[in-house]
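Chemist: Residues in the sequence shown are numbered from 7 upward in steps of one, following UniProt numbering.
Beta carbons: idealized from backbone N, C-alpha and C, even for Gly.
If you're wondering where the values come from, they're calculated on a predicted model, not measured in any experiment.
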Amino acid sequence: THFGFRDVPVGEKQKLVGQVFTSVARNYDLMNDLMSFGVHRLWKRHFVAVSGVRRGDRVLDLAGGTGDIAALLKPVVGDEGEVVVGDINAAMLGVGRDRLTDRGLVAGLRWAQMNAEMLPFPDNHFDAITIAFGLRNVTDKEKALVDMLRVLKPGGRLLVLEFSKVQSPLLSRLYDVHSFKVLPRLGKLFANDADSYRYLAESIRKHPDQGLLKDMMLRAGFGHVEVRNLTNGIVAIHRGYKL
Ligand code: SAM
Numbered sequence: 007t008h009f010g011f012r013d014v015p016v017g018e019k020q021k022l023v024g025q026v027f028t029s030v031a032r033n034y035d036l037m038n039d040l041m042s043f044g045v046h047r048l049w050k051r052h053f054v055a056v057s058g059v060r061r062g063d064r065v066l067d068l069a070g071g072t073g074d075i076a077a078l079l080k081p082v083v084g085d086e087g088e089v090v091v092g093d094i095n096a097a098m099l100g101v102g103r104d105r106l107t108d109r110g111l112v113a114g115l116r117w118a119q120m121n122a123e124m125l126p127f128p129d130n131h132f133d134a135i136t137i138a139f140g141l142r143n144v145t146d147k148e149k150a151l152v153d154m155l156r157v158l159k160p161g162g163r164l165l166v167l168e169f170s171k172v173q174s175p176l177l178s179r180l181y182d183v184h185s186f187k188v189l190p191r192l193g194k195l196f197a198n199d200a201d202s203y204r205y206l207a208e209s210i211r212k213h214p215d216q217g218l219l220k221d222m223m224l225r226a227g228f229g230h231v232e233v234r235n236l237t238n239g240i241v242a243i244h245r246g247y248k249l
């Protein structure tokens, strides 16, 4: 792949990603809050609010291990709809399922371990696919995008919430200091795990920016691709349709 982990063989990267998320699964909320000053909760709520997902829809939430997005989607699709949470990592799925069970949100949710690059579903199956803070961890993003397109129904939509490129140069510099200097230390302090936090900062920097991800979606075959920046482009929402 051209993005990230240039010196690490593909199989190794998959193992590394696995280790990172197994080691952070339990500290996951803390990590998100440290990284985003708690704003990730607002981003996620906004993401689902503008997703266009409707009552009765069948939605796949990919890389959805924490259950955060599924918890927001479930009330939208209602009892007639269905939310499938797919994640490559069993530990993350376990954490998400426990958490939503504690909140009484189990009915109509399905959990399945899967790789976004090889989705275990028939063609034309979902009304929408969401992937929040997940695409940047996928090894072969082109392959994953093509497979997402395959399992969407015609007219269905893909929604990607992901870290992107900060637009203002000043904010961008502050952000780099936060990501590379402050975060690994906070990670060490609170989770005794500086490496995972360093990996996260790296993966954010290497992830394709707004324009590049839009091009990748177009190349994969999505139509009407639109980008929306949140918080000055710290994160962006990409939306595309299967025409
Ligand atoms: N969507 C959740 C959220 O926003 O809280 C979780 C995001 S977490 C940063 C990234 C997730 O991507 C992890 O749970 C990880 O296991 C999953 N992941 C990484 N590579 C994947 C792949 N190839 N296919 C499916 N899930 C993957």
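#1: Which of helix, strand or coil does DSSP assign to Ala134?
#2: Taking only three categories from DSSP, how would you classify Ala113?
#3: Assign residue 267 to one of three DSSP states: helix, strand, or coil.
#4: Mind checking who Tyr247 pairs with in its DSSP beta bridge?
#5: Along the chain, which unbroken stretches of the beta strand (DSSP E) at least 3 residues long are found entirely within the region 36-91?
#6: By how many angstroms is the C-alpha of Tyr203 removed from the C-alpha of Ala195?
#7: Mapping the DSSP letters down to three states, classify Glu123 as helix, strand or coil.
#8: In the DSSP assignment, find the alpha helix (DSSP H) that holds Lys212 and state where it starts and stops.
#9: Taking Thr237 as the reference, which of Met98, Thr107, Arg47 has the closest Cα?
#10: Do Arg234 and Ala242 count as a contact pair if the criterion is CB distance below 8 angstroms?
#11: So, helix, strand or coil for Asp129, using DSSP?
#12: In the structure shown, what three-state DSSP assignment does Asn95 receive?
#13: Output the distance between the C-alpha atoms of His131 and Leu218, rounded to the nearest integer angstrom.
#14: Given the structure, does Leu68 come close to the ligand SAM, in the sense that its CB is under 7 angstroms from one of the ligand's heavy atoms?
#15: Determine the DSSP secondary structure at Leu155, reduced to helix, strand or coil.
#16: Helix or strand or just coil, what does DSSP make of Val183?
#17: Which residues mark the beginning and the end of the alpha helix (DSSP H) in which Phe196 is found?
#18: Label Ser57 either buried or exposed according to how many other C-beta atoms from any shown protein chain fall within 10 Å of its C-beta, with 16 as the threshold for buried.
#19: Applying the 10 Å Cβ sphere with the 16-neighbour rule, what's the burial state of Asn95?
#20: Whole-angstrom Cβ separation of Leu40 and Leu189, contact assumed at under 8 angstroms?
#21: Taking the alpha carbon of Pro160 as the point to measure from, which residue in Asp129, Asn198, Leu115, Leu68 has its own alpha carbon closest?
#22: When you compare the CB positions of Arg191 and Phe169, do they come within less than 8 angstroms of one another, or not?
#23: Quick check on residue 282: does DSSP put it in helix, strand or coil?
Modeler: According to the structure data:
#1: strand
#2: When DSSP states are grouped into helix, strand and coil, Ala113 belongs to the coil group.
#3: This structure gives no information on residue 267, because the portion of the chain shown stretches from 7 to 249.
#4: As DSSP reads the structure, Tyr247 sits in a beta bridge with Arg163, Gly229.
#5: 64-68
#6: Per the sequence shown, residue 195 should be read as Leu rather than Ala. One C-alpha to the other measures close to 11 angstroms.
#7: coil
#8: 200-212
#9: Measuring C-alpha to C-alpha distances from Thr237 to each of Met98, Thr107, Arg47 identifies Arg47 as the nearest.
#10: Against a cut-off of 8 angstroms, the Cβ pair of Arg234 and Ala242 comes out as a contact.
#11: coil
#12: coil
#13: 27 angstroms
#14: yes
#15: helix
#16: helix
#17: Element bounds for Phe196: 189-197.
#18: buried
#19: buried
#20: 7 angstroms
#21: Asp129
#22: no
#23: The question about residue 282 has no answer, for the chain in this structure spans 7 to 249.
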